[in-house]
Every structure is written in C-alpha cells, then in structure tokens.
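Residue numbers for the sequence shown follow the numbering used here, beginning at 1 and rising by one. Using N, Cα and C, we set each Cβ at its ideal position, and we do this for glycine too.
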Amino acid sequence: MTIDMAKAKEDLYEAVNGEWLQTAQIPADRPATGGFNSLVDDIDKTLMDDFDAFLNKQKSSQDPRFNEMIKLYGLAKDFKRREQEGTAPLKKALQPLESLQSYADYQEHWAELLLNGTASPVVFDIDADMKNARVYALFAGAPSLILPEKNYYDPKNPQGPQLMQLWTSMMTTLLDKLGYEEKAAQKLIEETKRFDALLVPHVKSAEESADYSKMYNPQPLAEFAGHTSQLDLAAVVEELVGAEPDKVIVTEPKYLEALDQILAGHFEWFKSWLLVNAIRSMAGLLTDKLREINGRYSRALSGAKQPADQRKFAYRLARGTFDQVVGDYYGKTYFGPQAKADVHHMVEQMVKIYQQRLAKNDWLSEKTRTKAILKLDKLGIQVGYPDQIPALYDQLKVDAHATLLENMIQLGKTATKEMFGRWNQPVDRLRWEMSAATVNAYYHPFKNIIVFPAAILQAPFYSLKQTSSENYGGIGAVIAHEISHAFDNNGALFDEYGNLNNWWTKADLDHFKQLAQKMIAEFDGLPFAGQKVNGKLTVSENIADAGGLSCALAAAKEEKDFDAQRFFINWARIWRMKATDQYMQLLLSIDVHSPNKLRANVQAQNQDEFYQAFNVQAGDGMYLAPEKRVNIW
Numbered sequence: 001m002t003i004d005m006a007k008a009k010e011d012l013y014e015a016v017n018g019e020w021l022q023t024a025q026i027p028a029d030r031p032a033t034g035g036f037n038s039l040v041d042d043i044d045k046t047l048m049d050d051f052d053a054f055l056n057k058q059k060s061s062q063d064p065r066f067n068e069m070i071k072l073y074g075l076a077k078d079f080k081r082r083e084q085e086g087t088a089p090l091k092k093a094l095q096p097l098e099s100l101q102s103y104a105d106y107q108e109h110w111a112e113l114l115l116n117g118t119a120s121p122v123v124f125d126i127d128a129d130m131k132n133a134r135v136y137a138l139f140a141g142a143p144s145l146i147l148p149e150k151n152y153y154d155p156k157n158p159q160g161p162q163l164m165q166l167w168t169s170m171m172t173t174l175l176d177k178l179g180y181e182e183k184a185a186q187k188l189i190e191e192t193k194r195f196d197a198l199l200v201p202h203v204k205s206a207e208e209s210a211d212y213s214k215m216y217n218p219q220p221l222a223e224f225a226g227h228t229s230q231l232d233l234a235a236v237v238e239e240l241v242g243a244e245p246d247k248v249i250v251t252e253p254k255y256l257e258a259l260d261q262i263l264a265g266h267f268e269w270f271k272s273w274l275l276v277n278a279i280r281s282m283a284g285l286l287t288d289k290l291r292e293i294n295g296r297y298s299r300a301l302s303g304a305k306q307p308a309d310q311r312k313f314a315y316r317l318a319r320g321t322f323d324q325v326v327g328d329y330y331g332k333t334y335f336g337p338q339a340k341a342d343v344h345h346m347v348e349q350m351v352k353i354y355q356q357r358l359a360k361n362d363w364l365s366e367k368t369r370t371k372a373i374l375k376l377d378k379l380g381i382q383v384g385y386p387d388q389i390p391a392l393y394d395q396l397k398v399d400a401h402a403t404l405l406e407n408m409i410q411l412g413k414t415a416t417k418e419m420f421g422r423w424n425q426p427v428d429r430l431r432w433e434m435s436a437a438t439v440n441a442y443y444h445p446f447k448n449i450i451v452f453p454a455a456i457l458q459a460p461f462y463s464l465k466q467t468s469s470e471n472y473g474g475i476g477a478v479i480a481h482e483i484s485h486a487f488d489n490n491g492a493l494f495d496e497y498g499n500l501n502n503w504w505t506k507a508d509l510d511h512f513k514q515l516a517q518k519m520i521a522e523f524d525g526l527p528f529a530g531q532k533v534n535g536k537l538t539v540s541e542n543i544a545d546a547g548g549l550s551c552a553l554a555a556a557k558e559e560k561d562f563d564a565q566r567f568f569i570n571w572a573r574i575w576r577m578k579a580t581d582q583y584m585q586l587l588l589s590i591d592v593h594s595p596n597k598l599r600a601n602v603q604a605q606n607q608d609e610f611y612q613a614f615n616v617q618a619g620d621g622m623y624l625a626p627e628k629r630v631n632i633w
C-alpha cells in the first residue's frame, strides 16, 4: 500500500489508510474490517480449519478439555438434528417460567433460574473487592435494557423508536415461528416493553458506568435486602454463595432504591420480560431459521448484512464456551515460548521507560511520584497465554445425547456456579479474563496487572520483519497504553495492590483532574459518522492512548534505527477500520474508546515529534497549536 506523505500533513489516518479504505470489503456477516478485525478473521479461519481436522479425526488431542470443546463444536454444527428437534427443546426450557404465578413462586426458583442463565431483576457478579482486592466479593447491579444504552430512550434521540420497532418486528416473527398465538405474542412483547421502560429512568448511562469509583457502594446484607419487599434478596444471595455475606457491593444504587416500585404490582409484566429474555437468549440454539430471525435486531444495530454461516456459528459457540482451552491451544500451537519471552522482555522495557518518565515528571510531588513508581514495581505482567487454565474447564462436560440447548444451559450453569463458589476466596491474580486467541489486551485495576494475549502479538502490531520504530508504533504503543490505564482517571484511584485507595496528594490530584478535563475537552463534540464524540465517556481510553503513544515514542527513540515517520505511520495503520455507519454510531453511544480515525490523528497531533517528522506547519489540517496539545504522562 502506498502512503501519500504530503497528505499526512492534512490527515495522517487517510494518508496511511486511504488506499486500503477504497478497496477494503466488509465481510457480509461482520460490521467492520481492518486492523484488529482482520486479525480476528484470520485467526478464526485458522482455528476453524483446525477444529474440523480434530472433529474429522485427522488430528487428535491428548487434552480431555479440548476434546470436550470439539464435541460441542460437532454438536453445534449438526443443524439437521436441530431441524428434527424443532422448538421442543426451548418449550421444555420455558416450562418453569410459564408456570410462575407470583413473586413468591419466582422466589422459590430464583437461584436455580439465575444459574440456568435466565434474566434476573438483580444481576449478581463475583470480582475482587475494590477496597480489599485480595478477596473476591459479591457485586449487585441492574439488568440490561432492550436498546443498547439509556440515551436511546431520550425523546430527542430519533434512533430509539426505529430500533424499538425493529426489535418488536423481530420478536413478533420469532414468537409466531415458536407457535405463539398472535394475541399471546402481542401481550408478551408489550408487557416486556413496559417492564423495560420501568428500568430506564433508574439505570446508569454508558458515561456514568465508565466511572469505576462510583461502582463501589458496599451495603450490609440487611440494608441490601431492604430494597424490596416483593422478593427476598437475602435468601437468594445466601443460596447463590452458600453463606451469609457481611456485605454486597452495589454498582447501581439508584436502581436498587427503585427496585420495589419497579416490581410492585407489575408481576405480569415481569413474567413476560423473563420469558422474552429467555426466548431471546435461547432461540439461536434451535433451527437455522430461528437463529437467523433471532439475530435480526443485533444485525440492524451493527449493520452486518447476514448472520454468520453455520460453521462459524458452531465455532464461535464452542470457542466462547471453552475460551481458555482454545486460548491455550492457540498460544502453544501458534505462539510458543520463544515469542512469549521476547514480548515479555519488551513489556519490561516499556515499564522501565515509564518509570524513567515518572521520575522526570514535572507536575507530581515527590510523595505521589514515589507511589506511582511503586505501583509500576508491583505491576503484574502476563504475556501470550497463561501457565495454567482454571479448574472450571475440567468440569465442563458435553452430553452428545442431550440437545444443544440443554448442553449450553448445563455448561453455563457449571460456569456460573464456579463463579459464585469464588466468593470470599483469595483472588487469583494469575487468572486470565481473556482467551489467548483474542486480539486485544487489558489492564485490570483491581489486580494491577496487564495482559497481552498471543493473538495481538503479530503484524501490524508486532513482527520481526518490521523495524523497531514500526513495532513501537504498534505493539509498543498498545503495551504502554495498558500501562497508562494504571494512571488514567479510573486506574489512578487504585493503589499498587488494586485497592480503591487514594495515594495522591490533594494538589497532585487536582492538577491531574485539570489535565483529564483538557483531554475531555479535546475530544468532546468532535464530529464523526454524523454524530459527536462524548469526551467524558472516552476520557480514560484517551488518557491511555496519549500516555501510551508518548511512552512508546520515548522507547523508540532509544533505538539506533529510530525513524519517526515509520513510528507514526504504523500507529495510524493499527487503527485502520472500515465499518458500517450503524456500527460507528453504535460505538459512539456505548464504547469507551474514541473512533479509530480520531485515536490515530488526535493523539499524533498531541506529539511534538509528529510535526518534525512530517514537516507539519500552522495552516495544515493536522496542525494543533502547542498550547492546545494535551500531554499527561
């Protein structure tokens, strides 16, 4: 691909990716292509071929967990069998919900239904206690809405009614195919929408959810249970964790306060909501036609033109259920220990560079700087694939005689039980939250660890064929981005052990908040895909991008073959993406990341070296006056 160097002064992203954007084709079953997405597609093709080879006995594995996964893949691929089974598996699964007559009835079955994957008026989760991150705690939050985000329900948002109409149309067709009479189907749909509308005023928006510190609202069990007299919250909690916890951490306090008025007098609506959610979550595991209908709303949201084919559906289901097992296979087969050691070294180098930059930081006091460096000293680094897979995967068994739906309910139940079993146990810092076959990376603030799965450690992010500057503009910036999350507006609130604990002096924290405000202002309101960027929603990722790019640039400069142009060109290349308008608009509403093009361009504009590298002058499209450039780390 040729790069228009003159154009880089006007639009770096277009200069690097313009030619590719003109010819790139978005796969019919996907909302986007390029960068991360292209690597995902390549890995999917490789693993699907491997899965087929194992299924057809051309290859064999000594790992019983992997063989269970292949068994599930084979079962999910057998659409002929599901055609014969028809809707019977779903009707059987819905029986316990159909027979509910009251909240008292529901209470009796609540824990069991929750373990089986049924929607719940309170969503429970187990994670590290944010104030005592060495122990797992119980969290309680709100269920999901029909529309992707609270703001879609705003009367000023024209997309809301359009999407609700699409959802209604899909549910009407789906219920008809499942054998519901028109009147009964209409009642189910209308009552579900009414119950959904009761939730809307009380749940957090995506912007509010992006503030981690507001998630921590611990309540003694008695106070938590007092939020409603319609259901016994204490009883279900004790049933789920097998004991009486001293506290529940409430992530959505406003919702819990409104729970009683949401439930009171609305049992019929609630029951319809349970049934419709159950149908939505299970219909895709029946016939191919029902799978196609059940995906219509999601495809309308993302702009994907058609569902994944049968083979890809089976692959995604098996891989998603056994994600750590597939990650282990992918990491050991396609990555290996040598690459693991190489990249681990690169991460250590980047941490060193970060420490040096903190040591020279001119706006932090000595006290805060020492704590920041200590946080980096304690940072856990995980690269490639984990040394051990959680014991959960030894428990996941597939029954070839049972239906696909029965198997998925049972597998989900085993995983959910294992999760609740972790309550009050010591936190396993080495447990991965992401498969090694996932093209991504993450920082976990409650554990103070950074994780780089094997799948992202390839071109254009990282390759031995690329120059050091290209690698630093790719994986180097991603590594430093994840380190920067330890010091973004969320991560900065957690100490070296992952505890929510203020380690800043007041003056330093105030100064940091002012800098974060500048980052909010830099992105807020930028036009994209006919809408505008929300600077508050995206601030933590923008801070991490800025810190990541600055730090990777400092590391690249240490190399003998440093080339600033190659560094920034690869930075722009990793963000290349061609997406449907619907998908870009959806991301603007719910994603904590800014649009890829703006990540590439705005962060380059914040770096003085970019101007020298491409001779950018005042009046050029990429020019940003020095006083407007935002740099935090």
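| Check | Outcome |
| --- | --- |
| For Glu208 and Pro89, what's the separation of their Cα atoms in angstroms? | 39 Å |
| Should Ala341 go down as buried or exposed, given a rule of 16 or more other Cβ atoms within 10 Å for buried? | exposed |
| By the DSSP assignment, the alpha helix (DSSP H) with Ala225 in it spans what residues? | 221 to 225 |
| Taking buried to mean at least 16 other C-beta atoms within 10 Å of its own C-beta, is Thr2 buried or exposed? | exposed |
| Closest by CA to Met408, which one among Tyr73, Tyr623, Thr370? | Tyr73 |
| Would you call the segment 574 to 584 and the segment 300 to 318 in contact, with 3 or more CB pairs under 8 Å? | yes |
| Let me know the beta strand (DSSP E) ranges lying completely inside the segment 118 to 164, each 3 residues or longer, listed in chain order. | 123 to 129, 132 to 141 |
| With DSSP run on the structure shown, which of helix, strand or coil describes Tyr443? | strand |
| Can you give me the Cβ contacts of Ala128 inside the same chain, cut-off strictly under 8 Å, excluding the 5 residues immediately before and after it? | Arg134, Val135, Tyr136, Ala137, Val427, Phe446, Lys447, Gly498 |
| Measure how close the beta-carbons of Arg629 and Asn615 come, nearest whole angstrom, since I'm counting them as under 8 Å. | Their Cβ separation, rounded to whole angstroms, is 17 Å, which puts Arg629 and Asn615 out of contact at 8 Å. |
| When the Cα atoms are used, what is the spatial distance from Gly320 to Gln84? | 25 Å |
| Verify whether the separation of the beta carbon atoms of Phe335 and Ala235 is less than 8 Å. | no |
| Around the C-beta of Trp269, are 16 or more other C-beta atoms found within 10 angstroms, so that it is buried, or is it exposed? | buried |
| Would you kindly work out how many angstroms separate the C-alpha atoms of Asp176 and Leu290, rounded to a whole number? | 11 Å |
| May I have the straight-line CA-CA distance separating Thr368 from Trp503, to the nearest angstrom? | 7 Å |
| Near Pro148, which residues of its chain fall below 7 Å by C-beta distance, leaving aside the five closest residues on each side in sequence? | Leu301, Leu586, Ser589, Ile590 |
| Should Trp363 be labelled buried (16 or more other beta-carbon atoms within 10 Å of its own) or exposed? | exposed |
| On the criterion of 16 or more Cβ atoms from any shown chain inside 10 Å, does Leu457 qualify as buried, or is it exposed? | buried |
| Among Gly621, Ala529, Met5, whose alpha-carbon lies nearest the alpha-carbon of Ser594? | Ala529 |
| In three-state DSSP terms, what is Gly74? | helix |
| Starting from the N-terminal side, write out each stretch of the alpha helix (DSSP H) that is 4 residues or longer and does not extend beyond the segment 467 to 492. | 468 to 471, 477 to 484 |
| Name the residue from Arg429, Arg357, Ile373, Phe610 whose alpha carbon lies nearest to the alpha carbon of Asp387. | Arg429 |
| Could you check the C-alpha separation between Asp52 and Tyr315 for me, to the nearest Å? | 9 Å |
| Which whole-angstrom value describes the C-beta separation of Asn17 and Arg576, a residue pair presumed to lie in contact below a C-beta threshold of 8 Å? | 4 Å |
| I'd like the span of the alpha helix (DSSP H) that includes Ile3, first residue to last. | Where Ile3 is concerned, there is no enclosing alpha helix (DSSP H), given that its DSSP letter is neither H nor E. |
| Quickly, what does DSSP pair Lys578 with across the bridge? List them, please. | Thr33 |
| What residues in its chain sit with their C-beta under 8 Å from that of Leu166, if we drop five residues either side in the sequence? | Arg296, Tyr297, Ala300 |
| Are the beta-carbon atoms of Ala521 and Ile543 separated by less than 8 Å? | no |
| Answer yes or no: do Ile449 and Leu379 have a C-beta to C-beta separation smaller than 8 Å? | yes |
| Apart from the five residues on each side of it in sequence, which residues of its chain come closer than 6 Å, Cβ to Cβ, to Thr438? | Pro453, Ala455 |
| In the DSSP output, which residue or residues are listed as bridge partners for Leu677? | There is no way to answer for residue 677, as the model of the chain reaches only from 1 to 633. |
| So the beta strand (DSSP E) Lys247 belongs to, where does it begin and stop? | 247 to 250 |
| DSSP on Phe461, reduced to helix/strand/coil? | coil |
| So is Glu433 in contact with chain B if we call contact Cβ pairs under 8 Å? | In the structure shown, chain B cannot be found, because there is only a single protein chain. |
| Taking Leu634 and Glu418 to be in contact with their CB atoms under 8 Å, please state how far apart those CB atoms are, rounded to whole angstroms. | The question about residue 634 has no answer, for the chain in this structure spans 1 to 633. |
| Comparing alpha-carbon positions, which option in Leu285, Tyr152, Val326, Asn217 lies nearest Glu257? | Asn217 |
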